[in-house]
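A.B. asks: Supplied in structure tokens, the structure appears directly below.
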Amino acid sequence: MSNCADIIIIGGGVIGCATAYYLAKQGSHVIVLEGSDHIGNGGSSRNGGGVRQSGRDPRELPLAMYGIRNLWPTLSEELEVDCEYHQDGNLRLGKNEKHAEILTNLAEKARACGLDVRMIDGEEVRRINPYLSEEVTVASWCPTDGHANPLTTTLGFYKMARRLGVRFISGERVIRLQMIKGKIRQVITEQTVYEGEKVLVAAGFHSREILGTIGIDVPMSQSLLECLVTEAEPHMFDQMLGTAEADFYGHQTKHGSFVFGGSSGYEAFNKDNGTPVTSSLTAPCICRGIMKYFPDLADAKIVRTWAGWSDKSADGVPVLGSIDEVPGLYAACAFTGHGFGISPAVGEQLAKLMLTGTTDVDISTLHYNRFKAKI
Amino acid sequence: MATRIKTHPILGEIEKGRKVTFLYNGKELQGYEGEPIAAALKAEGVMVHRYTKKQHKPRGIFCAIGRCTDCVMVVDGKPNVRTCVTPLKEGMRIETQYGVSNQPFEEQ
Amino acid sequence: MKRYDLIIVGAGPSGLSAAIEAAKRGMKVLVFDENEKPGGQLFKQIHKFFGSKEHKAKIRGFVIGQQLLEEADKAGVEVVLNATVIGLYQDKEIVVRLGETIEHIKGDAIIIATGASENMVTFPGWNLPGVIGAGAAQTMMNLHGVKPGQKILMLGSGNVGLVVSFQLIQCGCEVVALVDAAPRIGGYGVHAAKVARTGVPFYLSHTIVKAEGEECVTGVTIAEVDSHFQFIEGTEKHFDVDTICLAVGLSPMSQLLKMAGCQMEDNPKRGGQVPICDEYGRTSIPGIFVAGDVSGIEEASSAMIEGRMAGLAAAEYLGYMEETELDTKLQELDAALDGLRQGMFAPKNRGKEIRETEEGIAVSQNLLTHGYIADDEIERFPGFTHRKGIHPVIECTQNIPCNPCQDACPKGCISIGANITSLPIAVADADCINCGMCVASCSGQAIFLVDEDCGDGTATITLPYEFVPLPEAGTKGIALGRNGQKVCEAEVVAVKSLKAYDKTNLLTMRVPKEYASTARFFRAEA
Amino acid sequence: MNQINDRSRDIGEYVPAPDDDMIICRCEEITKGEIRRAVHDGMFTLTEIRRYLRTGMGLCQGQTCSKLVKGIVARELKVSPADLEPATSRAPMRPIEMRIFANERKEDEGHE
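Chains as they are written, first to last, in my numbering: chain A, 403 to 777; chain B, 46 to 153; chain C, 411 to 936; chain D, 110 to 221.
Here you go:
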């Protein structure tokens, strides 16, 4: 089988799969190289499933809004898989003055970008979600936010891309990138050399080392985030939840289980045994956090916990688009733990960018060349 | 119709706790304190512990050691209680589980 | 964080054995078990164990469990029950649920002895209430005193399927058939024979077509399968049953090791996902050890030895024992373990068809395919002799690691020799005194005391009898052959239940002398 | 390249079988047919099957069905079951109530 394609995508996560899908839809010949044994094995399968606009940096907000307007509503039909997309709003919860300040500030910025998000008091919060405790005194409410199932969405993009002829190879670790005659050309793995006109690096945190092989350094760091899931419970609510302090976030899935993510405060110092491992401190901490907001969930049983590396950008938003120093090279990384919700939009827009050089949504503020010294 | 073993050729008389009364779907039944709920139900001839969420199919004891979680029921109002490893207590309310509820599907 | 020298997960035969050895060397040992009672599966094992003295042969499993617990207690082991280990995290940290709390606790060394879980097979209706694992049956009847059902079909002819079938009969259930898709019985012939002689039909090369019933099992259909395990049309057989019991093998319960990051492999010979470890249970992570079924499916006797090995290895790892002493100890245990891993059923012989015994005698094919030795096959085995007067007739025809019978006879009537797997021989010039110890001590219930000619045209046969009600002398009934079919009328002439027999009653029945070599079971009915 | 990594490998068409409606994952009620179809949709690893269908994601966390699923996927891919890496193991090993998981015991309390 040929190792040449129009476009080589490094990383078989939701970003890589979505971009491959939208490229293949336009007739491109694409090869996707996934370093692990499984498609969607990084943050794509380890996040809390938020599809939200509120709380986002104005630089990436347009992408989020674009996706929610144009792609998410029909994604399940398009991918022939139940993405479990729910658009029932996002409550970002607060318990005190300080929280109110953080939330108000975020809401104002979002409104400036045209997003419907407003501040509500505790009573209104409990009208929307009666299970929330009295401790919640304030929240921002964005009715057009929601959540989806990251597992089926990622694998749905994979399935459809594969059906359209995209070649996926897992267990294929990239050693380095190689330019030929002033342009990106080769992707060299442990066993093979792949050649493409264009190369997209969408390999999560590994993007940094891969881009490093061609002299591109994306300022990002690694942070371990953890999630847990409960047994199926009777249906309670449909909103996506977050908090001002970001101590937990989550939702009830279609299956009935609750998926919550959170942290213990030590995520930057976690150990690794080859795969992201959960810390013994985190899940109990997340549970305590949840119970303060949802006393009714105290008896819900946790069936599983997991961890995932997030690729934290130096300035909190992704690196997206062309890397102009290396013609033909593109990057989509440093999603900082909130890439899933914008993944369809990222995939679609990147595909357009790579094929036509233009996008419908302005992503110029996410360009790699934005990183400058502070003075 | 399963029954209790009265005398066993090797084990002799099987030691049991105090006799207690519990409620199975509102009906008073008797069992021994501390034995698994599932054993008490089996002794009373109860086979179906729950009906599944998607296909509404009956399920009962399968592994009897708390692994398979097929024998879960609603106990004292809490769903998904593994009856094979949960000790019986006086006055316990044990109900057939439908999906994750004690309400039959047509009433959910 | 609280810290122990050694934390063991699982208080079954291997975990307790490990704890005992480690504690004896001065280690502070903590054992967690998620169950309400310790001993793992031992307390469900009501049969006498195989092996030799050092393997605790002829002692019933639950008694071994009791002994291990007492020994552990004496050695100062702390056993914590109802303690569910939630995870094995980095730095050998265990998070355990104790009642309404969780606790973080570290071990300088960890031994995982979590045992195994049951495999399952699928067929239409396998989810119906009434389809249960063999382990569930054992738990219900032997721990909780509740019959798993009334009429039961057993799928699986390995030792678990055979032993559990026998136990089901012991507690008063009817086993309507024992079925296995394999063409030959997987477990010990002696276990099969004691089930077959009670009248249970064996269907090898058969499997379940479907379980029947709406709300719960009301019947089952089986059919014959060809060599590719495809059903042969027209061979269907139906049974009215309320319970279907699955005994189709075990898988190591190795999730904690995988979570800890130990290197794992899928090893079908060891039963599935197992940690990569050396023969003393050292995994790829220094200080994490394994013992028992979690490192490869065997049985309780070998699990106990593996446990002791891992306990010693952990002691040496933490400096509680010199390496030279460890080596000596391990050599002894190696020899004991090796003894158990010999014979036709040795792990190395799994899946092989063995046609001859070590002595060069053709194996009974009928035993392998129907569960009993045919009348014309039994004569060729060295335990089967014809003599004047009462003498032992030993129907033990496969090379298995077991020799209590040789020690049981005070008169030297039975000889196995130095090789534990050799077939027992009825010694020609030794005089039987009819003490019955051989009958009671044979874990396979394969020894009978026979007087072929009492001088009045009758013969007497003394057989092991572990059922209730126990017939009294004078009870009239029928004698069943090895195949469980009636051979003749019979009358009980004596029943002995000595303490030394350990609950194996010796029932002596009188039959016409021409049935001396074929009558092997008694049923108190016309 | 190993056979599972090449996701374009030809494993033939999905052919319906009479026992496709048999439940394999008892907790999540996933059928044999769903598993077989997922393999043909490109889910070549047990982890992907799990994420795509929820096999082994129910209350028992795959303790009953994982070997069965493995057998079905291996047959569909025409590889040996031993070639398939099982899904990861994660805490908690048994379901545990949030209030108990949250309730960490203090150092000085002994065992009961």
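Glycine included, C-beta positions come from ideal geometry on N, C-alpha and C.
Pull up the distance between the alpha-carbon of Val921(C) and that of Val860(C), whole angstroms please.
C.D. replies: Within the third sequence, the letter at position 511 stands for residue 921(C). Within the third sequence, the letter at position 450 stands for residue 860(C). Each residue's alpha carbon lies about 11 Å from the other.
A.B. asks: For Ala546(C), would you say it is in contact with chain B, using Cβ-to-Cβ distances shorter than 8 Å as the test?
C.D. replies: Taking the first residue of the third sequence as position 1, residue 546(C) is located at position 136. Taking Cβ atoms only, chain B reaches closer than 8 Å to Ala546(C), which makes this a yes.
A.B. asks: Drop a sphere of 10 angstroms on the beta-carbon of Lys48(B), count the other beta-carbons inside from all chains shown, and report buried for 16 or more, exposed for fewer.
C.D. replies: What you label residue 48(B) is simply residue 3 of the second sequence in a count that begins at 1. Note that residue 48(B) is Thr in the sequence shown here, rather than Lys. With fewer than 16 other Cβ atoms within 10 Å, it is exposed.
A.B. asks: Taking buried to mean at least 16 other C-beta atoms within 10 Å of its own C-beta, is Tyr533(A) buried or exposed?
C.D. replies: For the purposes of this step, residue 533(A) is identified with residue 131 of the first sequence, where counting begins at 1. Tyr533(A) is exposed by the Cβ-count criterion.
A.B. asks: According to DSSP, Glu872(C) sits in a beta bridge with which residue or residues?
C.D. replies: By 1-based counting over the third sequence, the position of residue 872(C) is 462. One detail in the question is off: residue 872(C) reads as Thr in this sequence, not Glu. DSSP output for Thr872(C) lists Leu859(C) and Thr918(C) as bridge partner(s).
A.B. asks: Secondary structure at Trp536(C), three-state DSSP: helix, strand or coil?
C.D. replies: If you number the third sequence from 1, residue 536(C) lands on position 126. Coil, per DSSP.
A.B. asks: Select from His431(A), Pro636(A) and Ala734(A) the residue whose C-alpha is nearest the C-alpha of Ala702(A).
C.D. replies: Stepping through the first sequence from its first residue, residue 702(A) is reached at position 300. Closest option to Ala702(A), Cα to Cα, is Pro636(A).
A.B. asks: With distances taken between CB atoms, is the gap from Gly770(C) to Cys108(B) smaller than 8 Å?
C.D. replies: In the third sequence, the residue the question calls residue 770(C) occupies position 360. In the second sequence, the residue the question calls residue 108(B) occupies position 63. Not closer than 8 Å, so no.
A.B. asks: May I ask you to list, following chain order, the residues of the stretch 689–717 of chain A that have a beta carbon less than 7 Å from some beta carbon of chain B?
C.D. replies: So the list reads Asp701 and Lys703, given in the order they occur along the chain.
A.B. asks: Can you give me the start and stop residues for the beta strand (DSSP E) that Cys898(C) sits inside?
C.D. replies: If you number the third sequence from 1, residue 898(C) lands on position 488. Element bounds for Cys898(C): Lys896 to Lys906.
A.B. asks: Can you grab the Cα-Cα spacing for the pair Ser724(A) / Thr761(A), in whole Å?
C.D. replies: In the first sequence, residue 724(A) corresponds to position 322, counting from 1. In the first sequence, residue 761(A) corresponds to position 359, counting from 1. Each residue's Cα considered, the two are about 12 Å apart.
A.B. asks: Answer with yes or no whether the minimum CB distance from Val679(A) to chain C is below 8 Å.
C.D. replies: Residue numbering aside, residue 679(A) sits at position 277 when the first sequence is read from its first letter. Output row for Val679(A): interface = yes.
A.B. asks: Given Ala196(D), which residues of its chain have a CB within under 8 Å of its CB, disregarding the five upstream and five downstream residues?
C.D. replies: Within the fourth sequence, numbered from 1, the residue matching residue 196(D) stands at position 87. Excluding sequence neighbours, Ala196(D) sits near Leu155, Thr156, Arg159, Gly165, Gly171 and Ser175.
A.B. asks: Output the distance between the C-alpha atoms of Ile411(A) and Val432(A), rounded to the nearest integer angstrom.
C.D. replies: Taking the first residue of the first sequence as position 1, residue 411(A) is located at position 9. Taking the first residue of the first sequence as position 1, residue 432(A) is located at position 30. Approximately 7 Å, taken between the alpha carbons.
A.B. asks: Would you call Val130(B) buried or exposed, if buried means 16 or more other Cβ atoms sit within 10 Å of its Cβ?
C.D. replies: Looking up residue 130(B) in the second sequence gives position 85. Answer is buried; the Cβ neighbour count reaches 16.
A.B. asks: Suppose contacts are defined by Cβ-Cβ distances below 8 Å. Is Ile698(C) in contact with Ile504(C) by that definition?
C.D. replies: Position 288 of the third sequence holds residue 698(C). Position 94 of the third sequence holds residue 504(C). In this structure, Ile504(C) does not lie closer than 8 Å to Ile698(C) by Cβ.
A.B. asks: Quick check for students: name the residue ranges of the alpha helix (DSSP H) that lie wholly in the stretch 593–639 of chain C, counting only runs of 4 or more.
C.D. replies: If we require 4 residues or more, the alpha helix (DSSP H) runs fully inside the stretch 593–639 of chain C come out as 599–606.
A.B. asks: Helix, strand or coil: how does DSSP classify Asp744(C) here?
C.D. replies: One-based indexing of the third sequence puts residue 744(C) at position 334. Three-state result, Asp744(C): helix.
A.B. asks: As a quick exercise: from Glu480(A), Asn771(A), Thr476(A) and Thr684(A), pick the residue whose alpha carbon is nearest that of Gln489(A).
C.D. replies: For the purposes of this step, residue 489(A) is taken as the residue at position 87 of the first sequence. Taking only the C-alpha atoms, the option nearest Gln489(A) is Thr476(A).
A.B. asks: Please return the same chain residues whose Cβ sits closer than 8 Å to the Cβ of Glu221(D), not counting the five positions on each side in sequence.
C.D. replies: For the purposes of this step, residue 221(D) is identified with residue 112 of the fourth sequence, where counting begins at 1. Summary for Glu221(D): the model assigns pLDDT 46, below 50, so the residue's position carries little reliability, and this model does not support an answer.
A.B. asks: Kindly say whether Glu530(A), judged by its beta-carbon, lies nearer than 8 Å to any beta-carbon of chain D.
C.D. replies: Taking the first sequence and counting its residues from 1, one reaches residue 530(A) at position 128. Checking the sequence shown, residue 530(A) turns out to be Ile, not Glu. By this cut-off, Ile530(A) is not an interface position.
A.B. asks: In whole angstroms, what is the alpha-carbon distance linking Met46(B) and Glu89(B)?
C.D. replies: Residue 46(B) sits at position 1 when you count from the first residue of the second sequence. Residue 89(B) sits at position 44 when you count from the first residue of the second sequence. Its pLDDT being 47, under 50, Met46(B) is placed unreliably in this model, and the value from its coordinates should be taken loosely. Distance between the alpha carbons of Met46(B) and Glu89(B) is about 8 Å.
A.B. asks: Give the range of the alpha helix (DSSP H) segment to which Glu143(D) is assigned.
C.D. replies: Sequence index remark: in the fourth sequence, residue 143(D) carries index 34 (1-based). Residues Lys141 to His149.
A.B. asks: Check each residue of the stretch 623–657 of chain C: if its Cβ is closer than 8 Å to any Cβ of chain D, include it; give the result in chain order.
C.D. replies: Listed in sequence order: no entries.
A.B. asks: How about Ala191(D): is its C-beta nearer than 8 Å to some C-beta of chain C?
C.D. replies: On the fourth sequence, residue 191(D) is found 82 positions in, with the first residue counted as 1. So, interface residue.
A.B. asks: Is Asn771(A) helix, strand or coil when you go by DSSP?
C.D. replies: The residue given as residue 771(A) occupies position 369 in the first sequence. Reduced to three states, the DSSP call for Asn771(A) is helix.
A.B. asks: By Cβ distance, which residues of its chain are closer than 6 Å to Leu86(B), with the 5 residues on each side in sequence left out?
C.D. replies: For this step, residue 86(B) is matched to residue 41 along the second sequence. No residues qualify anywhere along the chain.
A.B. asks: Can you tell me where the beta strand (DSSP E) with Val705(A) in it begins and where it stops?
C.D. replies: Taking the first residue of the first sequence as 1, we reach residue 705(A) at position 303. Run containing Val705(A): Lys703 to Ser715, per the beta strand (DSSP E) assignment.
A.B. asks: Tell me which residues share the same chain as Glu140(B) and place their Cβ nearer than 7 Å to its Cβ, disregarding the 5 neighbours each side in the sequence.
C.D. replies: Start at 1 with the first residue of the second sequence, and residue 140(B) comes out as number 95. Contacts found: Asn70, Met118, Val119 and Asn147.
A.B. asks: Going by Cα to Cα distance, which pick from Ile810(C), Ile695(C) and Val803(C) is closest to Cys823(C)?
C.D. replies: As a working note, residue 823(C) is residue 413 in the third sequence. The shortest C-alpha separation from Cys823(C) is found at Val803(C).
A.B. asks: Tell me which residue opens and which closes the beta strand (DSSP E) that Glu675(C) is part of.
C.D. replies: For the purposes of this step, residue 675(C) is taken as residue 265 along the third sequence, with counting starting at 1. Here the beta strand (DSSP E) through Glu675(C) covers Met674 to Asn677.
A.B. asks: For Phe773(A), count neighbouring C-beta atoms within 10 Å of its own C-beta (all shown protein chains included) and say buried if the count is 16 or more, exposed if not.
C.D. replies: Locating residue 773(A) in the first sequence gives position 371, where the first residue counts as 1. Exposed.
A.B. asks: What's the call for Gln451(C), buried or exposed, on a 16-neighbour Cβ count within 10 Å?
C.D. replies: Sequence index remark: in the third sequence, residue 451(C) carries index 41 (1-based). Buried, by the Cβ-count rule.
A.B. asks: What does Lys123(B) reach in chain A if we use C-beta pairs closer than 7 Å?
C.D. replies: Position 78 of the second sequence, counted from the start, is the residue given in the question as residue 123(B). Under the 7 Å cutoff, chain A gives Asp701.
A.B. asks: So, using beta-carbon positions, are Gly730(A) and Ala466(A) closer together than 8 Å?
C.D. replies: The sequence position of residue 730(A) within the first sequence is 328, counting from 1. The sequence position of residue 466(A) within the first sequence is 64, counting from 1. No, these two residues do not count as a Cβ contact at 8 Å.
A.B. asks: Three Cβ pairs or more, each shorter than 8 Å: is that satisfied between the stretch 531–541 of chain C and the stretch 621–634 of chain C?
C.D. replies: Short answer: they touch.
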